[in-house]
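Colleague: Numbering (the numbering used here), first residue to last: 3 to 345.
All residues carry an ideal CB built from backbone N, CA and C; glycine is no exception.
1) How many angstroms separate the CA atom of residue 144 from the CA atom of residue 250?
2) According to DSSP, is residue 209 helix, strand or coil?
3) Compare the beta carbon distance of residue 148 and residue 170 with 8 angstroms and say whether it is the shorter of the two.
4) Going by the CB atoms, is the gap between residue 182 and residue 192 shorter than 8 angstroms?
5) By DSSP, does residue 62 sit in helix, in strand, or in coil?
6) How far does the alpha helix (DSSP H) with residue 67 in it extend, from its first residue to its last?
7) Considering only C-alpha positions, which residue in the set 176, 290 and 184 is nearest to residue 2?
8) Figure out for me which residue from 74, 82, 118 and 89 has the closest Cα to the Cα of residue 106.
9) Output the boundary residues of the alpha helix (DSSP H) element that contains residue 294.
10) Taking the CB atoms as reference points, tell me whether residue 92 and residue 50 lie closer together than 8 angstroms.
11) Out of 264, 253 and 248, point me to the one whose CA is closest to residue 235's CA.
12) Using a Cβ-Cβ cut-off of 8 angstroms (strictly less than) and excluding sequence neighbours within five positions of residue 197, which residues of its own chain qualify?
13) Residue range of the alpha helix (DSSP H) that residue 2 falls in?
14) Quick one: what does DSSP say residue 126 is sitting in, helix, strand or coil?
15) Alpha carbon to alpha carbon, what distance is there between residue 146 and residue 27?
16) What runs of the beta strand (DSSP E), each 3 residues or longer, lie entirely inside the region 160-236?
17) DSSP three-state call for residue 269: helix, strand or coil?
18) Distance check for residue 227 and residue 305, CA to CA, integer angstroms please.
19) Give every residue of the same chain whose Cβ lies closer than 6 angstroms to the Cβ of residue 328, excluding the five residues on either side of it in the sequence, and list them in chain order.
20) Using a threshold of 8 angstroms, state whether the C-beta atoms of residue 301 and residue 272 are closer than that.
21) Taking C-alpha atoms, which residue in 203, 254, 69 and 294 lies nearest to residue 100?
22) Can you find the residues in the same chain that come closer than 7 angstroms, C-beta to C-beta, to residue 173, ignoring five residues on each side of it along the sequence?
23) Indicate the three-state DSSP secondary structure (helix, strand or coil) for residue 354 in the structure shown.
24) List the whole-angstrom C-beta distance separating residue 108 from residue 152, where the pair is believed to meet the contact cut-off of C-beta under 8 angstroms.
25) Using three-state DSSP, classify residue 39 as helix, strand or coil.
26) In this structure, does DSSP put residue 121 in helix, strand or coil?
27) With distances taken from CA atoms, which of 296, 303, 71 and 78 is nearest residue 103?
28) Just verifying my parser: in three-state terms, what is the DSSP assignment at residue 109?
29) Is the distance from the Cβ of residue 246 to the Cβ of residue 259 below 8 angstroms?
30) For residue 95, which option in 281, 120, 122 and 126 has the closest C-alpha, if you only look at C-alpha atoms?
31) Between which two residues does the alpha helix (DSSP H) holding residue 97 run?
32) Let me confirm a value: residue 342 is counted as buried when at least 16 other C-beta atoms fall within 10 Å, else exposed. Which label applies?
33) Please report the distance separating the alpha-carbon of residue 222 from that of residue 212.
34) When you compare only the Cα positions, how much space is there between residue 158 and residue 261?
35) Can you tell me whether residue 290 is buried or exposed, with buried defined as 16 or more other CB within 10 angstroms of its CB?
36) So is the beta-carbon of residue 122 under 7 angstroms away from any non-hydrogen atom of the ligand NAP?
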């Protein structure tokens with residue numbers, strides 16, 4: 003009987019211990035802080051949707067805790083990573099408006115303002131917060147960030163001189179780009195392009211590099227062509243030459259070199275024109291090689307270099323038989339054959 007009782011007691015103890023462990027683990031898993039910790043881990047491992055779910059569960063269980071701003075900040079940052087900028091901004095506002103936001107206040111102001119910068123948006127909500135921390139004590143990086151972002155707000159408001167002041171009080175890539183955008187809008191193209199070139203030379207590993215190269219290429223090409231069309235050939239050549247030097251062996255360089263050649267051709271400086279047509283030919287890009295060869299022949303024709311002209315025109319006809327300008331080349335060749343008996 004005693005043995006039987008001992009066995010029952012042992013079983014009861016085991017059951018109680020198991021029940022206690024199970025209950026403890028159940029309570030532990032149901033603990034609000036677990037949702038917060040799991041949400042933070044999911045955010046760190048870039049599982050943003052899972053992070054949002056866990057953190058929202060935490061906020062339901064603990065809506066007014068000291069960790070509310072942390073949860074909202076991580077939700078907002080996850081939404082931003084998922085390109086849901088509208089909801090991200092709403093969550094950053096929750097952090098900014100929370101009097102107990104603590105360490106997450108500054109980061110939320112910066113993140114909200116950065117979304118506005120990317121969207122070229124004026125925000126009357128964020129401007130006072132940026133203004134308040136322009137002289138953030140003991141942290142130059144925060145000062146630079148606030149001044150840069152406030153500069154963009156002034157830029158979007160077209161208050162260009164104010165924007166310049168804030169960009170100059172900042173430092174880094176985005177401040178440089180902001181200055182370039184201001185100078186471009188003020189039609190100070192030389193200064194704008196100099197700043198873009200500085201960026202291209204000194205920030206080749208920047209996440210903005212490809213975007214800036216594209217912007218610079220489009221803007222400089224457009225400006226150089228505008229100068230070309232208004233017959234300001236000297237300044238036009240200056241900018242086309244910049245493009246060719248910065249981006250050799252590209253279609254951009256090819257087009258620039260060809261336009262330089264064309265401007266010299268129009269000015270009847272045929273020797274210089276031929277020099278640049280030849281640069282087009284050896285640029286390792288075949289976009290305008292046919293046209294360059296044709297114009298080398300025509301330019302020599304204009305200088306009465308009949309045999310040289312005929313040689314280049316004949317090469318053009320043979321190399322590019324399907325080119326729509328073959329008939330044009332044959333007209334010159336026929337003229338040379340008729341007048342100068344070249345067979």
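Modeller: With the structure as the only source:
1) 39 angstroms
2) Coil, per DSSP.
3) no
4) In terms of Cβ geometry, residue 192 and residue 182 do not form a close pair [threshold 8 angstroms].
5) helix
6) First-last for residue 67: undefined, no H or E at that position.
7) It is not possible to answer for residue 2, since the shown part of the chain is limited to 3 through 345.
8) 74
9) 291-304
10) no
11) 264
12) 178, 179, 181, 182 and 185
13) Outside the shown range of the chain, which is 3 to 345, sits residue 2, and nothing can be said about it.
14) coil
15) Because residue 27 sits at a pLDDT of 44, beneath the cut-off of 50, its placement in the model cannot be relied upon, and the point is left open.
16) none
17) Residue state, collapsed to three classes: coil.
18) 27 angstroms
19) The residues 319, in chain order, have a CB closer than 6 angstroms to that of residue 328 in the same chain once the five nearest residues on each side in sequence are set aside.
20) For residue 301 and residue 272, yes; Cβs fall inside 8 angstroms.
21) 69
22) 146
23) No answer is possible for residue 354: the residues shown for the chain start at 3 and end at 345.
24) Wrong, their Cβ atoms sit about 14 angstroms apart, outside the cutoff.
25) helix
26) coil
27) 71
28) In the structure shown, the three-state DSSP call for residue 109 is helix.
29) yes
30) Minimum Cα distance to residue 95 is reached at 126.
31) Per DSSP, the continuous alpha helix (DSSP H) segment holding residue 97 begins and ends at 87-99.
32) exposed
33) Each residue's alpha carbon lies about 15 angstroms from the other.
34) 35 angstroms
35) The residue is buried, with at least 16 neighbouring Cβ atoms inside 10 Å.
36) Of the ligands one can find in the structure shown there are none, so the ligand NAP has no counterpart to examine.
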